[in-house]
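Structure first, commentary second.
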Amino acid sequence: MSSRKFFVGGNWKMNGDKETLGDLIMTLNTASLNDEAEVVCGAPSIYLDYVRSKLDQRIGVAAQNCYKVPKGAFTGEISPAMIKDCGIDWVILGHSERRHVFGESDELIGQKVAHCLENDLGVIACIGEKLEEREAGTTEDVVFEQTKVIADNVKDWARVVLAYEPVWAIGTGKTATPDQAQEVHEKLREWLRENVSDAVAGSVRIIYGGSVTGGNCKELAAQADIDGFLVGGASLKPEFVDIINARS
Ligand code: PGA
23 MSSRKFFVGG NWKMNGDKET LGDLIMTLNT ASLNDEAEVV CGAPSIYLDY VRSKLDQRIG
83 VAAQNCYKVP KGAFTGEISP AMIKDCGIDW VILGHSERRH VFGESDELIG QKVAHCLEND
143 LGVIACIGEK LEEREAGTTE DVVFEQTKVI ADNVKDWARV VLAYEPVWAI GTGKTATPDQ
203 AQEVHEKLRE WLRENVSDAV AGSVRIIYGG SVTGGNCKEL AAQADIDGFL VGGASLKPEF
263 VDIINARS
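Numbering (our numbering), first residue to last: 23 to 270.
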């Protein structure tokens, strides 16, 4: 097994309220969690402050999106500076819902990555192909292109986690098989070796997302190049604890 620290992100998306998130936080705070896993919960922006104040400090918190400048006339947006001001250390960028529901381009995602890292906010950068792209045999082209735009905007990879999330597996109950996921993760690591450096290829966590559950997490976590997960639906349930402990 590699020396990369196992990383499990929960992506709560636009779900929960103070009561239900409070219950979930209580479950996480009192759970026995593997010390070897780094855990970060992505909360809706309006609850970031609330979640950070309630969640045990051994668990990180992430925003699910942000803008590319510190402040200004950008109605409805939040900046890395504001996120940091709430004691939050991470942000999820380039999630497929940002790309495909809200039309964010690779270019905008790259600019956000650069600005967040300059402001010392850790980035969970998401990439992944759509079903028609997989069926057309272009998975590698798509994820390499998305990774290139991210990589062009990263100077220091220490605060970057790459999340491979095939769009066809997100929220569908159709998980990539361990072999399918491992194959893409291995190719992404090779791409990093060729285009960034050996050291970065060896150290960057590449996590898998797409219908991860308590039932399928152990087999996925046993793959050599899968360094953790980004979990949507199951991160809102007590089974998130089993996913965090997938390598225990
Ligand atoms: P899912 O979502 O686990 O519900 O498939 C994953 C994600 O969107 O990050």
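Glycine included, C-beta positions come from ideal geometry on N, C-alpha and C.
### Task
Could you tell me which of L258, A180, V135 sits nearest to E41, measuring between CA atoms?
L258
### Query
Where does A185 fall in DSSP's three states?
strand
### Message
Helix, strand or coil, according to DSSP, for A203 in the structure here?
### Response
helix
### Task
Return the chain-ordered list of same chain residues with a C-beta closer than 7 Å to the C-beta of K76, the five sequence neighbours on each side being excluded.
G44, I47
### Query
What is the DSSP secondary structure of I68, counted as helix, strand or coil?
helix
### Query
Do you know offhand how far C239's Cα is from I265's?
6 Å
#### Entry: Nearest to S270 (by Cα), restricted to the options I68, A65, S54
S54
#### Entry: Neighbour-count burial assignment, F124, 16 or more Cβ in a 10 Å radius
exposed
### Task
Quick one: residues in its chain with C-beta nearer than 6 Å to the C-beta of C138, no 5 flanking neighbours on either side, listed in chain order?
P102, V113, V145
### Message
Please give me, in chain order, every unbroken run of the alpha helix (DSSP H) with length at least 4 that falls completely inside the segment 191-265.
### Response
200-217, 220-225, 239-243
### Query
Going by beta carbon distance, what residues of the same chain come within less than 7 Å of V226, once the five residues before and after it are set aside?
W179, V182, L184, L214
### Query
A180 by DSSP, collapsed to three states: which one?
helix
### Task
Measure the C-alpha to C-alpha separation of T97 and Y89 and round it to an integer number of angstroms.
11 Å
### Closest by C-alpha distance to Q79, when choosing among E99, I105, G109
G109
### Task
May I ask which residues mark the beginning and end of the beta strand (DSSP E) holding G1?
The shown model of the chain, from 23 to 270, leaves out residue 1, and the question about it has no answer.
### Task
Sort out for me which residues DSSP pairs L115 with in a bridge.
A147
### Task
Assuming Q133 and P200 form a contact by the criterion Cβ under 8 Å, report the distance between their Cβ atoms to the nearest whole angstrom.
Actually they do not touch by this definition, with Cβ atoms about 34 Å apart.
### Query
Quick one: is L210 near chain B, going by C-beta distance under 8 Å?
Within the model displayed, chain B is absent; a lone protein chain is all it includes.
### Query
Helix, strand or coil: which one does DSSP assign to N51?
helix
### Task
From the DSSP output, read off the bridge partner residues of F29.
E60, G250
### Task
Enumerate in chain order the residues of its own chain whose CB-to-CB distance from T160 is below 8 Å, with the five nearest sequence positions on each side excluded.
E151
### Task
Determine the extent of the alpha helix (DSSP H) in which A103 is found, giving its start and end residues.
102-107
### Message
Is V189 near the ligand PGA - that is, is its Cβ less than 7 Å away from at least one heavy atom of it?
### Response
no
### Query
Nearest-angstrom Cα distance between T52 and G250?
22 Å
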